[in-house]
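Written out below as structure tokens is the structure these notes cover.
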Amino acid sequence: KRSLLSDVFPQLPVALQATMLITGRDQYDNEILRGGEAELFRVSIRSPLVATDIIAVTVVDTEDGRYTARWSPGKTGEYVIEVIFGDGVHDKVQNFTSDLTAATPEMYEITGSGLAGGVVGEELDVVVQPSVVILGDLNAQASFTATVTYNGVTAPVPVSGLDAFGRRHIRFTRFVDGIYFLHVYLENTLVPVSPYPIVIIAGPPVVDTIEVFMWPEVEAGTNQLFTAGETASLYLEMRDVYGNVPTIDFVSDIAIKYSLQPDRDVLLATLNPNPDE
């Protein structure tokens, strides 16, 4: 019903694993040299101010009468350590304060309009900002890097310094459409929940890139005789200003007209998009 605890540092960094050695004692203060009694007690680490602020503890039986308690503070605050026996006896109270020595990736979130993607040639803006209150200069001292991966090729992208609101910006532009994956790191550790998929779509077609092919083949400016009921196919190949296959709404963005001679009646052809070309 007694225990001897090794001393715990009065200040422990957040996220650092702490270890405490527990030595069992009998009622006459003799050291117990056998193990197997871990079920007779538990270790409680809690905040004296917030009842629900409890730190999980793992106790390992070393089988020689001693037990190792391990835990890792998840946030700042003051905590009390107690060894509690089955009959409710509390023994050997110690206190420690959990402090931050550096900001951690879990303290940040990635937001901004850039996560929704955009159009080729458009600058995207992704924001790195604290998701919790970070005291002191820890936010300013945090060092971020970022990369963008496309088709297996990874390239670095710059991360700005702090703006007036304590945020950082990742601004980049791409000229090939597709899905890009943004990885954000704090001191070489990924910020949750990296990577972020960002879809960049092609721009509108550029008129001088449009090539027209007709089947049966007809040269521009010439007349071609067709039999009534015969189908003629017209192929359009288009690109945006950067050479990507453009994104087109075939209902509202494009139409093909042809006229009947000599009265010039205008008719519309049927358009069928080919996703592979």
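Per the UniProt record's numbering, the very first residue in the sequence shown carries number 1; after that it's consecutive.
The beta carbon of each residue, even a glycine, is placed where N, CA and C say it ideally should be.
Practice item. For residue 7, collect the residues of the same chain with a Cβ closer than 8 Å to its Cβ; drop the 5 residues on either side in sequence, then sort them by chain order. Key: 94
Point to revise | Three-state class that DSSP yields for residue 107 in the structure shown | key: helix
Review point. Would you say the region 98-113 touches the region 146-157, given that touching needs at least three Cβ pairs under 8 Å?
Key: no
**Study point:** Cβ-based burial, residue 133 [other Cβ within 10 Å; buried from 16]
**Key:** Per the 10 Å Cβ criterion, exposed.
Point to revise | Outcome for residue 240 when other beta-carbon atoms lying within 10 angstroms are tallied against a minimum of 16 | key: buried
Check your understanding: By Cβ distance below 8 Å, which residues in the same chain neighbour residue 201 in space, the five residues on each side in sequence not counted?
Key -> Taking C-beta separations shorter than 8 Å and ignoring five residues to either side along the sequence, the partners of residue 201 in its chain run 117, 118, 119, 120, 177, 247, following chain order.
Practice item. Quickly, what does DSSP pair residue 178 with across the bridge? List them, please. Key: 200
Practice item. Please name the residue or residues paired with residue 82 in a DSSP beta bridge. Key: 44
Check your understanding: Per DSSP, which one or two residues make a beta bridge with residue 237?
Key -> 211
Check your understanding: Alpha carbon to alpha carbon, how far is residue 56 from residue 122?
Key -> 47 Å
**Study point:** Rounded separation between residue 204 and residue 113 - CA only
**Key:** 21 Å
**Study point:** Top-ranked residue by Cα proximity to residue 206, from 243, 34, 125, 131
**Key:** 243
Exercise for review: State the Cα-Cα distance for the pair residue 152 and residue 163, rounded to the nearest angstrom.
Suggested key: Taking C-alpha positions only, residue 152 is separated from residue 163 by approximately 32 Å.
Review point. Could you give the distance in angstroms between the alpha-carbon of residue 180 and the alpha-carbon of residue 33?
Key: 60 Å
Practice item. Within the region 112-180, note down every full beta strand (DSSP E) run reaching 3 residues or more, in order along the chain. Key: 124-130, 144-150, 153-157, 168-172
Exercise for review: State the DSSP-derived secondary structure class of residue 69, mapped to helix, strand or coil.
Suggested key: strand
Exercise for review: Name, in chain order, the residues that DSSP records as bridge partners for residue 94.
Suggested key: 81
Exercise for review: Kindly indicate which residue of 191, 111, 137 has the alpha-carbon position closest to the one of residue 144.
Suggested key: 191
Review point. What are the boundary residues of the beta strand (DSSP E) that residue 25 is part of?
Key: 18-25
Check your understanding: Among 21, 254, 48, which residue has its Cα nearest to the Cα of residue 70?
Key -> 21
Point to revise | Nearest candidate by alpha-carbon position, reference residue 11, set 254, 211, 101, 185 | key: 101
Point to revise | Neighbour-count burial assignment, residue 131, 16 or more Cβ in a 10 Å radius | key: Label assigned to residue 131: exposed.
Review point. In or out: residue 199 buried (at least 16 other Cβ within 10 Å) or exposed?
Key: exposed
Check your understanding: Near residue 81, what residues of its chain come up, given a Cβ to Cβ distance below 6 Å and the 5 sequence neighbours on each side ignored?
Key -> Closer than 6 Å at the Cβ level, and outside the excluded window around residue 81, lie 45, 94.
Exercise for review: Tell me, please, which residues DSSP counts as bridged to residue 28.
Suggested key: Answer is none; residue 28 lacks a bridge partner.
Exercise for review: Keeping to the same chain, check which residues put their C-beta closer than 7 Å to that of residue 38; ignore five residues upstream and five downstream.
Suggested key: Excluding positions up to five away in sequence, the list reads 59, 61, 67.
Review point. To which residues of the same chain is residue 14 closer than 8 Å at the C-beta, ignoring the five residues directly before and after it?
Key: 73, 74, 75, 76, 98, 99, 100, 101, 104
Check your understanding: Which same chain residues, not among the five before or five after residue 167, have their C-beta less than 7 Å away from its C-beta?
Key -> 127, 128, 129
Review point. Of all the options 147, 149, 41, 161, which has the alpha carbon lying nearest to the alpha carbon of residue 140?
Key: 161
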